[in-house]
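Q: Just so you know, the sequences run in chain order B and L. So the first sequence is numbered by the working numbering: it starts at 1 and just counts up by one. So the second sequence is numbered by the working numbering: it starts at 1001 and just counts up by one. For every residue, glycine included, the Cβ atom is placed at its ideal position computed from N, Cα and C. Below are the structure tokens for one structure; questions will follow.
2 protein chains.
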Amino acid sequence: MYQNHQILREHNLKATPQRLAIIELMQKHGHISIDNLYQYIKEKFHSLSLATLYKNINIMIGVDLVKEVKIPNNKSKYELTKKPHSHLLCTKCNEISDVFIDLKNIIKECEKNSHYKISETTLLLKGLCPKCN
Amino acid sequence: MYQNHQILREHNLKATPQRLAIIELMQKHGHISIDNLYQYIKEKFHSLSLATLYKNINIMIGVDLVKEVKIPNNKSKYELTKKPHSHLLCTKCNEISDVFIDLKNIIKECEKNSHYKISETTLLLKGLCPKCN
DNA sequence: GTATTTGCAAATGATTTGCAGTGCT
DNA sequence: AGCACTGCAAATCATTTGCAAATAC
Chain B
1 MYQNHQILRE HNLKATPQRL AIIELMQKHG HISIDNLYQY IKEKFHSLSL ATLYKNINIM
61 IGVDLVKEVK IPNNKSKYEL TKKPHSHLLC TKCNEISDVF IDLKNIIKEC EKNSHYKISE
121 TTLLLKGLCP KCN
Chain L
1001 MYQNHQILRE HNLKATPQRL AIIELMQKHG HISIDNLYQY IKEKFHSLSL ATLYKNINIM
1061 IGVDLVKEVK IPNNKSKYEL TKKPHSHLLC TKCNEISDVF IDLKNIIKEC EKNSHYKISE
1121 TTLLLKGLCP KCN
């Protein structure tokens, strides 16, 4: 994972083992909670503190390397920044998936109806995933 | 506002002054935060406690009389339940508006792409409102 | 070598809970 | 009258902050 070191440096962040672990886990899991990050990283780095995790997540969000995914009635999960997409949440197993759909027309319609100038959208779709359905 | 009394009773809730005030303020403001509710209701009922407010909001959400509107990086606002709709958030003045757009096609496309069975959607559109634009 | 980062402990902020007293129906 | 509701104080939970020691570069 030498490239993750680069990714951090490109964002002007020092490549600490904790940060590298965060990126690896996000690559592996797609969406992951603070608690899961803590649990996994702690296995390798016994000294890890939650405060460090929170600080790093916030820093990484600040440089747009990570995005927060808010889950209704639950703690947020985090993902590496990729091209804009929406999220699917399975109401049974709580799994999250990405879905890439074009919202251009929706945005246009909204702008027409509301006279807002839309710059960003957040769409969460809840339902049953293929396995649970 | 005699009918608000009825609304509460129809949901099997006792019509206390605190609850009536909550409903009135939601009718007046559309979307309102706990803190604003507290501030306004406290003017009339000096003894109001935040705990009561939270309890009531949660009870009212439980009987589907109220819905929570999560605002990124901010405290939630609350609104009376009405037919499904999306929310517009002005990034400048923080005002929230409703917009009624049909997401049927989006949902269909998502289901096709993901094989999820979608039951509920939450769409938040951020941008500039007509006044701020 | 120096600025950044880490980890601890303590602080903060929002929300929830337990319980005794009050009030709606 | 009886059960639900209120308000207080204390508890909880997630997240943030301050600071001294450690580390990346």
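B:Glu-109 CB to nearest chain L CB: under 7 Å?
A: yes
Q: Which residue comes first and which comes last in the alpha helix (DSSP H) that contains B:Ile-23?
A: 17-29
Q: Would you mind stating whether B:Thr-122 and L:Leu-1124 have Cβ atoms separated by less than 7 Å?
A: yes
Q: So L:Glu-1095 and L:Cys-1129 are supposed to be a Cβ contact under 8 Å. How far apart are they, rounded?
A: 6 Å
Q: Does the CB of B:Leu-125 have a neighbour CB from chain L at under 7 Å?
A: yes
Q: Counting only beta-carbon separations shorter than 7 Å, does B:Leu-128 have a partner in chain L?
A: yes
Q: Using a threshold of 6 Å, is the CB atom of L:His-1115 nearer than that to any non-hydrogen atom of the ligand HEM?
A: This structure simply doesn't include the ligand HEM, nor any ligand for that matter.
Q: Roughly how far, in whole angstroms, is the beta-carbon of L:His-1005 from the beta-carbon of L:Val-1063, given that I think they are within contact range, below 8 Å?
A: L:Val-1063 and L:His-1005 do not touch by the CB rule: their CB atoms are close to 15 Å apart, not below 8 Å.
Q: Would you mind working out which of L:Ser-1114, L:His-1087, L:Cys-1110, L:Asn-1105 sits nearest B:Tyr-116, comparing C-alpha positions?
A: Considering only alpha carbons, the answer is L:His-1087.
Q: CB-CB under 6 Å to L:Ile-1033, same chain, minus the five flanking residues each way: which ones, in chain order?
A: It should be pointed out that residue 1033 of chain L corresponds to Ser in this sequence rather than to Ile. Counting only Cβ-Cβ distances below 6 Å, and skipping sequence neighbours, we find Lys-1075, Lys-1077.
Q: Run down chain L in chain order and give the residues with a C-beta less than 9 Å from the C-beta of B:Leu-88.
A: Cys-1110, Ser-1114, Tyr-1116, Ile-1118
Q: Taking C-beta to C-beta, are L:Tyr-1091 and L:Lys-1067 nearer than 7 Å?
A: This sequence places Thr at residue 1091 of chain L; Tyr is not what is there. Against a cut-off of 7 Å, the Cβ pair of L:Lys-1067 and L:Thr-1091 comes out as no contact.
Q: Under 7 Å, Cβ to Cβ, is there at least one residue of chain B near L:Ile-1101?
A: yes
Q: Could you give the distance in angstroms between the alpha-carbon of L:Leu-1065 and the alpha-carbon of B:His-29?
A: 37 Å
Q: Give the range of the alpha helix (DSSP H) segment to which B:Thr-52 is assigned.
A: 50-62
Q: Out of B:Lys-82, B:Leu-37, B:Ile-59, B:Lys-131, which one is the CA nearest neighbour of B:Phe-100?
A: With respect to the C-alpha of B:Phe-100, the residue from B:Lys-82, B:Leu-37, B:Ile-59, B:Lys-131 having the closest C-alpha is B:Lys-82.
Q: Would you identify the three-state DSSP class for B:Ile-96, choosing helix, strand or coil?
A: strand
Q: Per DSSP, what kind of secondary structure is B:Leu-8 in: helix, strand or coil?
A: Of the three classes helix, strand and coil, the one that applies to B:Leu-8 here is helix, per DSSP.
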